[in-house]
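Participant:
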Amino acid sequence: MQEATKAPPVAYYDYIIIGGGTAGCPLAATLSQNFRVLLLERGGSPYGNQNITNLTTFTDTLRDTSPTSPAQSFVSEDGVVNTRPRVLGGGTCLNAGFYTHADPEFVQKAGLDLDLVNRSYEWVEKVMVFEPQMRQWQSAVRDGLLEVGVLPDNGHTFDHIYGTKVGGTIFDKDNHRHTAVDLLQYANPSRLTVLLHATVHRILFKTKGQSKPAAHGVIFKDGAGNEHRAYLSKEKGKGSMSEIIVSAGALGSPQLLILSGIGPAQHLKSLGIKVLLNQPMVGQGMADNHMNFIVVPSPSPVEISLVKQVGITRLGTYIEALSRIDFVRFFGLTTPTNETTPETTKSALETIERLQNAGMIFEKTIGPVSTGYLKLRNRNPDDNPMVTFNYFKEPEDLQRCVNGMKIIESVVNSKAFSNFRYPNVTVEALLNMTQYLVKNLQPERSNASTFESLEQFCKDTVVTVWHYHGGCQVGQVVDHQYRVLGVDSLRVIDGSTFIDSPGTNPQATLLMLGRYMGIKMRNERLGRYDLD
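First residue of the sequence shown? That's 1 in the numbering used here, and the numbers climb one at a time after it.
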């Protein structure tokens with residue numbers, strides 16, 4: 001790794017990958033075995049950042065809003081606060097660490113080779129995936145899920161199957177995080193160049209003498225604001241098979257296509273961007289799997305834990321849990337000032353005290369069915385685009401949330417979980433406290449201080465689980481080989497291509513996809529058919 005300030009003004013590579021995230025790192029590592037690869041990352045290195053490495057400081061990274069934070073905060077037009085990664089390793093540096101494979105339907109619909117899919121998962125797992133240690137609180141949640149009928153007990157498995165299971169984690173036995181950057185140990189260091197704080201402003205295209213525009217380079221700026229260019233190398237004697245791959249995430253990838261002239265023509269013109277290709281589907285199909293939860297203060301000691309298990313229900317919802325993280329910081333609570341009333345002060349202090357030893361059980365809705373769109377505010381690639389997710393626009397999503405909340409209520413009331421809740425505190429009281437804690441900015445929020453119905457609770461307390469996707473979807477913007485439709489030598493390989501979020505948590509699928517497509521592209525170029 002090196003700072004982009006050390007890059008030459010102009011350089012040539014076989015592949016240029018934009019975004020060193022969950023898919024970009026395994027893709028770069030794989031392609032570098034045979035080709036010269038440039039990996040451009042707009043953020044810095046995760047190494048040496050204790051907030052990223054340590055499980056106990058999970059919330060500190062998410063709440064860091066400084067300009068150089070690895071977590072870039074944004075608020076969707078729906079009013080829900082969210083985060084996008086700005087660090088080498090992408091979401092693997094910020095997430096709750098849970099590792100589980102995609103559902104079989106996802107693999108089938110994507111037309112992926114199942115044998116290569118499984119080999120790609122194994123390639124990832126050798127380096128950065130561990131079996132989590134189940135302690136008392138997480139075990140009580142698991143046993144509660146089984147007691148209320150989320151069956152069978154599937155033990156420890158990475159597979160996506162109905163019932164309750166313990167998955168994998170990217171945190172080792174010392175609670176240290178392993179990230180997608182660890183996969184770069186597979187790379188050929190003499191063929192891979194990794195540049196940090198390299199922000200791509202535009203993809204360059206050749207149009208003269210071409211049947212359709214062909215990507216052939218990028219313009220990027222380093223941390224000091226200096227401009228650099230990187231171009232695809234030419235192969236002697238035949239047409240170039242070199243390519244640019246955008247792996248900048250569900251916000252960054254559609255944003256960069258639009259900045260490069262690929263997107264809805266009217267939107268491009270409104271920004272003063274020359275239209276290269278009128279592609280109205282760029283930025284469409286944006287979706288965010290919402291999270292709703294109950295926080296449960298405990299009379300018994302609770303361990304610090306992130307997600308280790310999941311209840312995969314038949315009602316369109318997944319149930320997961322985490323415990324004794326810094327909930328005060330997580331919810332952005334502040335110690336009352338002298339200006340607050342005595343009643344408010346007492347209530348706030350009591351809540352803060354309760355959160356010192358508590359857990360959170362949450363539901364994530366599959367899909368979702370509701371989708372929105374993304375547009376740019378301006379032509380600055382550092383600025384967040386405007387994104388609307390349209391949470392609960394479709395009634396099916398709301399019903400699934402209600403189904404999930406009912407299962408959580410049953411788990412909280414289960415015999416298996418009884419040691420970790422105060423017997424005199426009703427579920428309704430817990431719902432009221434959760435409603436108090438969630439501070440999203442939705443214009444249509446009811447602002448009710450007490451629980452009304454699960455439907456209203458879902459709407460009022462919706463937060464992100466950071467699994468947003470879409471914007472460059474397969475069949476709309478890219479084909480099934482992730483090539484951008486209407487241009488040559490350009491692919492998008494990341495979560496922006498997803499129509500639905502794969503499995504219960506997408507990171508395993510994104511890591512697999514980076515390796516999988518690296519193998520596919522290598523074999524295609526070299527005329528080989530091997531899977532390793």
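Ideal placement from N, C-alpha and C gives every residue a C-beta, glycine not left out.
Once DSSP output is grouped into helix, strand and coil, what is the label at His267?
Facilitator: helix
Participant: Which of helix, strand or coil does DSSP assign to Gly209?
Facilitator: coil
Participant: Roughly how many angstroms separate the alpha carbons of Arg522 and Leu31, rounded to a whole number?
Facilitator: 7 Å
Participant: Under the DSSP definition of a beta bridge, which residues are partnered with Met360?
Facilitator: Val295 and Leu322
Participant: With contact counted as at least three CB pairs below 8 Å, one residue from each stretch, are the segment 463 to 477 and the segment 276 to 295 in contact?
Facilitator: Enough Cβ pairs lie closer than 8 Å, so yes.
Participant: Among the candidates Lys109, Gly144 and Asp488, whose CA atom is the shortest distance from the CA of Lys415?
Facilitator: Gly144
Participant: Could you pull out every residue in the same chain whose Cβ sits closer than 8 Å to the Cβ of Val150, ignoring the five residues on either side in sequence?
Facilitator: So the list reads Gly163, Thr164, Gly311, Ile312, Thr313, Ile319 and Ile407, once near-sequence residues are dropped.
Participant: Put Arg229 into one of helix, strand or coil per three-state DSSP.
Facilitator: strand
Participant: Would you kindly work out how many angstroms separate the C-alpha atoms of Tyr99 and Lys308, rounded to a whole number?
Facilitator: 8 Å
Participant: Looking at the structure shown, is Pro385 part of a helix, part of a strand, or coil, going by DSSP?
Facilitator: The answer is coil: DSSP assigns Pro385 none of H, G, I, E or B.
Participant: Excluding sequence positions up to five away, which residues of its chain have a Cβ less than 8 Å from the Cβ of Lys269?
Facilitator: Val275
Participant: Since Asp174 sits in a beta bridge, which residues does DSSP pair it with?
Facilitator: DSSP lists no partner for Asp174.
Participant: Curious, which full-length alpha helix (DSSP H) runs of at least 4 residues does the segment 112 to 169 contain?
Facilitator: 114 to 128 and 136 to 147
Participant: Give, in chain order, every unbroken run of the alpha helix (DSSP H) that is at least 4 residues long and sits entirely within the segment 25 to 112.
Facilitator: Taken in chain order, the unbroken stretches of alpha helix (DSSP H) that lie wholly in the segment 25 to 112 and span 4 residues or more are 50 to 53, 58 to 62 and 104 to 109.
Participant: Nearest to Ile17 by alpha carbon, out of Phe130, Ala248 and Glu147?
Facilitator: Ala248
Participant: With DSSP as the reference, please indicate the residues paired to Tyr15 in a beta bridge.
Facilitator: Val37 and Glu243
Participant: Find out if the Cβ-Cβ distance for the pair Ala96, Leu349 is shorter than 9 Å.
Facilitator: no
Participant: Should Val533 go down as buried or exposed, given a rule of 16 or more other Cβ atoms within 10 Å for buried?
Facilitator: Because residue 533 is not part of the residues shown, which for the chain are 1 to 532, the question remains open.
Participant: Which residues in the same chain as Trp137 place their Cβ atom closer than 7 Å to its Cβ, once the five residues preceding and following it in sequence are excluded?
Facilitator: Beyond the five residues adjoining it in sequence on each side, Trp137 comes within less than 7 Å, by CB distance, of Val302, Glu303, Ser305, Ser323, Gly359 and Phe420 in the same chain, given in chain order.
Participant: Alpha carbon to alpha carbon, what distance is there between Gly404 and Thr57?
Facilitator: 28 Å
Participant: Assuming Asn357 and Ser298 form a contact by the criterion Cβ under 8 Å, report the distance between their Cβ atoms to the nearest whole angstrom.
Facilitator: 5 Å
Participant: Can you say whether Leu114 is buried or exposed, counting buried as having 16 or more other CB atoms within 10 angstroms of its CB?
Facilitator: Flag for Leu114 reads exposed.
Participant: Is DSSP giving Met433 helix, strand or coil here?
Facilitator: helix
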